[in-house]
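In this note's numbering, the protein residues as written are 1 to 189.
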């Protein structure tokens, strides 16, 4: 961590929404490099993007493989790169209004959200995606709760039935005992 804080070649993606927030609050970034000065493939190369399941589209942009029809994918570009596992493959892609995608640029293929409108759209899409995930979690929890309630109701019914059987057996036993062992005493003559 200390090495990162004293390094002079760290890079912040200056087109990103979070960087604008950091700048707004006047955070000291004296040792950071402006993200606009990056060379091609400094952050993500083709192999990294393909490991994250992105494909190169014919219009010159990277997009999530699941959200792109096969007719829009440039097959020649996507076959050139050998995909190998990497330590840096745990990067989360940023969604935009058309789904999860990253745009390729001549200078930097992973720089997303060059202006305020794109950054705002990306943030809205992330919030919408988070809302969808929360709704799915709530529905899953509701299903689990309903299942638990049904099981508890079943256990209560079984308990009531068992108690009725026990009461019936108790009553039969008391009748048997009273018939074979009558109560004697001054009150029961």
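Yeah, the Cβ is synthetic: ideal placement off N, Cα and C, and Gly gets one too.
Tell me which same chain residues have a C-beta within less than 8 Å of the C-beta of residue 59, skipping the five on either side of it? Numbered from its first residue, the chain shown carries residue 59 at position 59. Same-chain partners within the cutoff: 72.
Go ahead and label residue 63 buried or exposed: buried means 16 or more other beta carbons lie within 10 angstroms of its beta carbon, across all protein chains shown. Taking the chain shown and counting its residues from 1, the one referred to as residue 63 is at position 63. Per the 10 Å Cβ criterion, buried.
What is the rounded straight-line gap between the Cα of residue 151 and the Cα of residue 173? On the chain shown, position 151 is the one that residue 151 refers to. On the chain shown, position 173 is the one that residue 173 refers to. Rounded to the nearest angstrom, the two C-alpha atoms are 33 Å apart.
Run through the region 49-79 for me and flag every whole beta strand (DSSP E) of 3 or more residues, listed as ranges in chain order. As summarised for the region 49-79, the continuous beta strand (DSSP E) elements at least 3 residues long and confined to that stretch are 54-56, 62-64, given in chain order.
Where residue 115 falls: helix, strand or coil (DSSP): As a first step, residue 115 must be located in the chain shown, where it is residue number 115. In the three-state reduction of the DSSP assignment, residue 115 falls in the coil class, being assigned neither a helical nor a strand state.
Would you mind giving the Cβ-Cβ distance between residue 140 and residue 20, rounded to the nearest angstrom? I have them listed as a contact below 8 Å. Counting from one through the chain shown, the residue named residue 140 turns up at place 140. Counting from one through the chain shown, the residue named residue 20 turns up at place 20. The C-beta distance from residue 140 to residue 20 rounds to 35 Å, too long to fall under 8 Å, and the pair is not in contact.
What is the DSSP secondary structure of residue 19, counted as helix, strand or coil? Translated into the one-based positions of the chain shown, residue 19 becomes position 19. Three-state result, residue 19: helix.
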